[in-house]
Amino acid sequence: MELQRLALARAGYRALAYSYRSMRLSLTENAGRLALYACSLRAPRVHFVGHSLGGLVILKMLEREREAGGRVVLEGVPYGGSRAAQALARLEIGASLLGRSMREWLESERPADFARFEIGVIAGSLGLGLGRLIEWDLPQPNDGVVAVEETRVPGMRDHIVLPINHSGMVVSRAVSRQIVAFLRHGAFAHQDA
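To convert, take the position in the sequence shown, counting from 1, and add 90; that gives my numbering.
If you want it as structure tokens, here you go:
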């Protein structure tokens, strides 16, 4: 996500990267640490951008918050579950490859509504990725790991589908432009998609 961080910095944002331990810590533990980190910034407004599992950490943090303090952009985040991750979990070695955070998400109930937050969701439709090797029958369209239908978050403000695969999102200029658009305006630039 370094390229996105740089794109956000060029757009005038103070962009910081937050690292979490998906293998060792649970999703709840990672979300708690993210909340503490965000508070430590002492900024009047903090936006969040998360890709895949990183977005789930953000959503888990938001479950306990009344307001985000800023806007949230989720990229390829399997809010609605992940058929690819569920297929991987069924394999003998798969559960350990997923780590504690993803296993917790797969086993938990989803919050009903995030309408009190300004959340924008970016999904990909270029179905090339490792998820297709694990779960060949991923719903269409998908980004090769996460199906578009799995990215929809109840109460989200905007949703956009771009012709990109799951891992390509973090290096895509088009995705970076959409992130900046949502952070600035609370909506994606659909005319540029």
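C-beta atoms are modelled at their ideal positions from N, C-alpha and C, and glycine is treated no differently.
| Check | Outcome |
| --- | --- |
| From Ile269, Gly217 and His280, pick the residue whose C-alpha is nearest to that of Arg100; which is it? | Ile269 |
| Report the three-state DSSP secondary structure of Val213 (helix, strand or coil). | The displayed chain sequence assigns Ala, not Val, to residue 213. Correct three-state label for Ala213: strand. |
| Consult DSSP for Phe272 and reduce its assignment to one of helix, strand or coil. | helix |
| Roughly how far, in whole angstroms, is the beta-carbon of Ala213 from the beta-carbon of Gly144, given that I think they are within contact range, below 8 angstroms? | The Cβ separation is near 15 angstroms, so there is no contact. |
| Hey, quick one: how far does the beta strand (DSSP E) through Leu252 stretch, first residue to last? | Asp248 to Leu252 |
| Along the alpha helix (DSSP H) that carries Leu98, what are the first and last residues, could you check? | Glu92 to Arg100 |
| Candidates Gly122, Ser112 and Arg95: which alpha carbon is nearest Ala105's? | Arg95 |
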